[in-house]
Structure formats: structure tokens, C-alpha cells
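Here the structure is laid out as C-alpha cells; the discussion comes afterwards.
Residue numbers (this note's numbering): 5 to 120.
This is how it looks when you write it as C-alpha cells:
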């Protein structure tokens, strides 16, 4: 693989990370919105979807790391830095969304037990 092909391959992986991580973050935030409305089944389904999209982004990142570790240098450009930023932001959003959905569920359960 020549340098141009490597750069194009790296760009495509970066785009894949950005797309998957962006989807993961978006769905995680939709899960929080669903939980706020009391739709916990949808919220949990969305969190699962966010995890799957996050896993896809993580696997793409792992492919780059594996390539670098095997001696095939991966050029670091602005697109890759942007992809890494998206991935880290989406991981944090997913963790926070999990906690917020849990808090909304606890609040809902507490309110229901007081209504009885």
C-alpha cells in the first residue's frame, strides 16, 4: 500500500469513527430525553443502540492502533484528531446518559411508591 492509499484508508477509518461516535452520542442523548418523559423501555433500547455504535467506533480505533503497533505507521492528521475527539466525547456522553436514565428511573419509582 503506497502513502496515498494509506492516507485515504486512514481518512476512511477516521470518517467511520466520526460517524459511529456521533451516532452513539446522539442516541445516548435521545435516551435521556426518553427517560425524562418516563419512557424507560425506549431509553434502555437507545442506550443499547448507543453502545453498539460506540463499539463500532472503538473497533475502528483499535484497527488503527493495531496497524501502528504492527509497524505500519498511521499518519495523524486533523481528521484523525477530530475522530478521536468525537469518540471520547461519545464515550463520556454514553456514561452520563446511563447515569441520568438510572436517576430518572429511581425518581419515577420513588414517586410511584409515594402515590400508593
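Quick reminder that beta carbons are idealized off the backbone N, C-alpha and C, glycines included. All values derive from a computational prediction rather than experimental measurement.
Here residue 77 is exposed: its Cβ has fewer than 16 other Cβ atoms, across all protein chains shown, within 10 Å. Cα atoms of residue 54 and residue 117: separation of roughly 31 angstroms, rounded to the nearest angstrom. When only Cα atoms are considered, residue 20 and residue 75 end up about 22 angstroms apart.
The alpha carbon of residue 38 has as its nearest neighbour, out of 90, 26, 109, the alpha carbon of 109. Counting the other CB atoms within 10 Å of its CB gives residue 112 a total below 16, which places it among the exposed residues. Taking residue 17 as reference, the option from 26, 65, 44 with the minimal CA-CA separation is 65. Restricting attention to 22, 81, 105, the CA atom closest to the CA of residue 63 is found in 22.
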